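Engineer: Provided herewith is a single structure, encoded as structure tokens, for subsequent inquiry.
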């Protein structure tokens, strides 16, 4: 009492209440790390602590593995770890089965109202047998007491599974999940951007009565072209447009056959609903490309600037800007 020290088996030890303090400890790890990471933390900690115990007993050459397992069970029981017994231990095959009843981990899981038992103790004995057998041992839980069974039963066997592999696997899974989340975010932003481009791209501008201007901006792929044709033809009747002026000034300099075909398609479609098409802002590069195509643009009136195109459309209606 004068030193505030508690000793067990000749070593400094500490006592915690299971269903309150230790439960809070487990809950906090899960709250901070998440359930999947918390399970891995407890599994890894249990295994590594067990490995220390197993290596200690393996160095005691006068103590056989069977005796060590029984001694560990008694020692742990006296320390409040629950009823622990080893069944079907085979040193040559390096296999074993452990029976756990009313363990402290089970009591914590009950207090947590868990639906599945914990991994600390199963992994802990995997570490112990790894140390005793001097080869990597892993485990498989046959049944949990938490699920209504009389006890928890765990089998142990040689395996290439290690806690380090599990840590790396969790890291990879989290990295993959982050990549998926980023891809989903990029997809959402791309979709929003496309919608914004649709909203801003090639607006229909009713400049004067019966005269509508549609500026073509940038480069047009199949989707943008289809959207432009659809939007233009659906809005021309509502504006009672006699003239559609396509302003080509801001077209991408990299003109291709698709772009020239788009211009011809809009003009032809507009004529079907009684709207004449005027082309303005044709650059030398676009003019040269048009001249090399088989598309006939002679049926469209062409002017150098938008202003000229508007004056022409007004003149055809017998009006002018004063």
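Residue numbers (our numbering): 95 to 416.
Glycine included, C-beta positions come from ideal geometry on N, C-alpha and C.
Everything numeric in this text was worked out from a predicted model, so none of it was measured.
Buried or exposed, going by whether 16 or more other CB atoms sit within 10 Å of the CB of residue 299?
Structural biologist: Taking all protein chains in view, the Cβ of residue 299 is surrounded by fewer than 16 other Cβ atoms within 10 Å, so the residue is classified as exposed.
Engineer: Starting from the Cα of residue 115, find the closest Cα among 197, 202 and 319 and give me that residue.
Structural biologist: 202
Engineer: Under the DSSP definition of a beta bridge, which residues are partnered with residue 374?
Structural biologist: 341 and 397
Engineer: Could you check which residue in 226, 234 and 229 has the C-alpha nearest to that of residue 214?
Structural biologist: 234
Engineer: Reducing DSSP to helix, strand and coil, say where residue 315 ends up.
Structural biologist: coil
Engineer: Hey, how far is the Cα of residue 394 from the Cα of residue 375?
Structural biologist: C-alpha of residue 394 to C-alpha of residue 375: approximately 13 angstroms in a straight line.
Engineer: Beta-carbon separation of residue 176 and residue 197 under 7 angstroms?
Structural biologist: yes
Engineer: Secondary structure at residue 357, three-state DSSP: helix, strand or coil?
Structural biologist: Reduced to three states, the DSSP call for residue 357 is helix.
Engineer: Using a Cβ-Cβ cut-off of 6 angstroms (strictly less than) and excluding sequence neighbours within five positions of residue 150, which residues of its own chain qualify?
Structural biologist: none
Engineer: Under three-state DSSP, which class holds residue 114?
Structural biologist: helix
Engineer: Does the Cβ of residue 199 have 16 or more other Cβ atoms within 10 Å, making it buried, or fewer, making it exposed?
Structural biologist: Residue 199 is buried by the Cβ-count criterion.
Engineer: Beta-carbon within less than 7 angstroms of residue 245's beta-carbon, same chain only, minus the 5 sequence neighbours each way: which residues are those?
Structural biologist: 193, 194, 195 and 239
Engineer: The beta strand (DSSP E) with residue 204 in it runs from where to where?
Structural biologist: Note, residue 204: premise wrong, no beta strand (DSSP E); alpha helix (DSSP H) at 198-206.
Engineer: Starting from residue 101, trace the alpha helix (DSSP H) in both directions and tell me its first and last residue.
Structural biologist: Per DSSP, residue 101 belongs to no alpha helix (DSSP H); it is in the beta strand (DSSP E), 100-102.
Engineer: Do residue 384 and residue 353 come within 7 angstroms of each other at the CB atom, strictly closer than that value?
Structural biologist: no
Engineer: How should residue 403 be labelled, buried or exposed, when 16 other C-beta atoms within 10 angstroms of its C-beta is the threshold for buried?
Structural biologist: buried
Engineer: Could you have a look at residue 297 and say whether DSSP puts it in helix, strand or coil?
Structural biologist: coil
Engineer: Just the Cα atoms here: how many angstroms apart are residue 107 and residue 125?
Structural biologist: 27 angstroms
Engineer: Closer than 8 angstroms is the cut-off here; do at least three beta carbon pairs connect the region 275-285 with the region 254-266?
Structural biologist: no
Engineer: Taking the alpha helix (DSSP H) that residue 146 belongs to, which residues open and close that run?
Structural biologist: 129-153
Engineer: Check for me: the alpha helix (DSSP H) holding residue 169 runs from which residue to which?
Structural biologist: 159-172
Engineer: What span of residues does the alpha helix (DSSP H) with residue 227 cover, start to end?
Structural biologist: 214-227
Engineer: Mapping the DSSP letters down to three states, classify residue 241 as helix, strand or coil.
Structural biologist: helix
Engineer: How would you label residue 247, buried or exposed, when you count the other beta carbons within 10 angstroms and need 16 or more for buried?
Structural biologist: buried
Engineer: Buried or exposed for residue 156, please, with buried defined as at least 16 other CB atoms from any protein chain shown within 10 angstroms of its CB.
Structural biologist: exposed
Engineer: Can you tell me which of 328, 302 and 387 puts its alpha carbon nearest to the alpha carbon of residue 413?
Structural biologist: It is 302.
Engineer: Residue 224 and residue 145: beta carbons closer than 7 angstroms?
Structural biologist: Yes; because the gap between Cβ atoms is below 7 angstroms, this pair is in contact.
Engineer: Do the CB positions of residue 222 and residue 147 come within less than 7 angstroms of each other?
Structural biologist: yes
Engineer: For the beta strand (DSSP E) containing residue 187, list its first residue and its last residue.
Structural biologist: No beta strand (DSSP E) contains residue 187, which DSSP labels as neither H nor E.
Engineer: Less than 6 angstroms between C-beta atoms, sequence neighbours within five positions excluded: which residues of the same chain meet that for residue 397?
Structural biologist: 374 and 403
Engineer: Report all residues from its chain with a CB closer than 8 angstroms to the CB of residue 349; omit the five preceding and five following residues, and keep chain order.
Structural biologist: 379, 380 and 383
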